[in-house]
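**Student:** Position 107 of the sequence shown, counted from 1, bears residue number 107 in UniProt numbering, the numbering being contiguous throughout. Cβ coordinates follow ideal geometry from the N, Cα and C atoms, glycine included. Quick one: structure below, then a few questions.
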Amino acid sequence: ASKTSLETTDQTTADLLNTYSDDDYIKKIQKRLEEDAFAREQREKRRRRLLMDQLIAHEAQEEAYREEQLIHRLMRQSQQERRIAVQLMHVRHEKEVLWQNRIFREKQYEERRLKDFQDALDRE
């Protein structure tokens, strides 16, 4: 009976050690799971922060590109406006020349009519 009691005591001690070992093992697993979860959370935070930084940098780059395009368009418009202004000055000058030529021609016609009229009077 005492042998059985010794075996039972050894078995109880082994069970207690196993229980202790099982508790340690479970705690280690829980700790590792918590550490893994924390590490995953930190990686996710870093990833989100990196993505946000990339997004902000991309938006800044897009804004700079839009500003550059706007400046180019305004410069092109400005050049076109200068060209148009020069063309307008030429057209106004041509208009002035045509107007002066017309006045000169009308004057010549008037002089010719007066001369023809005078010649007609002289012949009579």
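Under a three-way DSSP split, which group does residue 124 fall into?
**Tutor:** Three-state result, residue 124: coil.
**Student:** Rounding to the nearest angstrom, what Cα-Cα distance links residue 33 and residue 41 in this structure?
**Tutor:** Straight-line Cα distance between these residues: approximately 12 Å.
**Student:** For residue 118, collect the residues of the same chain with a Cβ closer than 6 Å to its Cβ; drop the 5 residues on either side in sequence, then sort them by chain order.
**Tutor:** Correct list: empty, nothing qualifies.
**Student:** Given this structure, state the Cα-to-Cα distance separating residue 72 from residue 96, to the nearest angstrom.
**Tutor:** If you take the alpha carbons of residue 72 and residue 96, they lie about 36 Å apart.
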